[in-house]
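Chains as they are written, first to last, in this note's numbering: chain A, 1 to 191; chain B, 1001 to 1200. Each residue gets a CB set at the ideal place from its N, CA and C atoms; glycine is no exception. Just so you know, these numbers come straight off a predicted model, no measurement behind them. Everything on this sheet refers to the single structure shown next.
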């Protein structure tokens, strides 16, 4: 009887193991390519919900954000470079918000790899981050994007008909914001 | 014999499936992190429990100063964070988080002490990649892992567990958390433990 149970558990483990392996991604998202299946919870904060142009209370995917370009930072509150990058990203956010060409078209979000909601909230409060941050406490999103090092930036160009493609996919800090924005505008075919 | 074989296979599958946690490594360390792979989650037996006096120790810190636990008695609550090893994935992304969470420790009148079994030069080089740390980092290198062994968290391969101890101002252990070595403990659990201590 015991060995029967053990055998059943063994089979179940192999099935689960196969599913885990099948779901693992070998590398980060490629420029020109598509995002893996990333589903985020709609923010409860009404300002953030409005910023992203979302309706409903449940979940959304990045291409559903009302923008021409969405810059996604994969970060961790435990990552020294992400901590150092936080004030700079705030500046990028305000630069976008204060630029008539960009406001409403460029949006920023952050996904905290392996960070709980508490940790993400602490990171937000510590650095007074004005754009929406989302927890990925079980690393499920992080696994889907190839377990990248943090910070990692993905910029997604979204067309009016809802189609999209990845414009930028790169680890490390962003560097010069003007050059970065210019590059994204060119790659998105925007003026 | 058969049962042992199946048990071994099941253990291996368990480690693969449930301990296959991603590491979320920072770019700060570039290619300098050694990945030991997935390890047995816990590989030691605690020798202390909540309510026991915390075993005292004196260890060298990376600043050159020697730190004695009992010097905080009557003055500060103490959080000890043992991490297994320098230049390894989860450890490298644990203390930098505490480094921006000083407010929680201050609010709960606590100091933080970080300990590994690495030697001072290794700890010095490793922690400098994290930026300037506000807390003491101590070496339990020699006699090797002696403090970790007294607390019952020295693993069979000579590194410590990933463990947190919260000690009150009377020197009594009020919280123990030995985490799966492959996983970073949640910040909120430590914060709750400190807050609970302060409410007593």
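Item: What does residue 119/A touch in chain B if you count any residue whose Cβ is under 7 Å from its own?; Value: 1187
Item: Just the Cα atoms here: how many angstroms apart are residue 1096/B and residue 1037/B?; Value: 21 Å
Item: Pick helix, strand or coil for residue 73/A, following the three-state DSSP scheme.; Value: strand
Item: Could you name the residues of the region 82 to 94 of chain A whose beta carbon sits closer than 8 Å to any beta carbon of chain B, in the order they occur along the chain?; Value: 82, 83 and 84
Item: How big is the Cα-Cα spacing for residue 1124/B and residue 1062/B?; Value: 6 Å
Item: Quick check: is the beta carbon of residue 124/A nearer than 8 Å to any beta carbon in chain B?; Value: no
Item: Mark residue 34/A as exposed unless 16 or more other C-beta atoms lie within 10 angstroms of its C-beta, in which case mark it buried.; Value: exposed
Item: Quick check: what's the CA-CA separation for residue 1039/B versus residue 47/A?; Value: 44 Å
Item: Give me the chain B residues within the contact set of residue 175/A, using Cβ-Cβ distance strictly less than 8 Å, ordered along the chain.; Value: What residue 175/A touches in chain B: nothing, since even the nearest Cβ is about 13 Å away.
Item: Would you say residue 1037/B faces chain A, with C-beta separation under 8 Å as the test?; Value: no
Item: Starting from the beta carbon of residue 1093/B, find every residue of chain A whose beta carbon is closer than 7 Å, and list them in chain order.; Value: 76, 78 and 79
Item: So which residues on chain A does residue 1130/B lean against when the C-beta distance must stay under 8 Å?; Value: 80
Item: How would you label residue 1142/B, buried or exposed, when you count the other beta carbons within 10 angstroms and need 16 or more for buried?; Value: exposed
Item: For the beta strand (DSSP E) holding residue 190/A, just list the boundary residues, first then last.; Value: Taken as a continuous stretch (DSSP letters only), residue 190/A belongs to no beta strand (DSSP E), as it is neither H nor E.
Item: According to DSSP, residue 1176/B sits in a beta bridge with which residue or residues?; Value: 1165/B
Item: I need the boundaries of the beta strand (DSSP E) containing residue 1060/B, first residue and last residue.; Value: 1058 to 1060
Item: Does the CB of residue 1/A have a neighbour CB from chain B at under 8 Å?; Value: Bear in mind that a pLDDT of 48 at residue 1/A, under 50, signals an unreliable position, so the model cannot answer this.
Item: Taking the alpha-carbon of residue 1060/B as reference, which of 1171/B, 1153/B and 1117/B has the nearest alpha-carbon?; Value: 1117/B
Item: If you check the beta carbons only, do residue 32/A and residue 145/A fall under 8 Å apart?; Value: no
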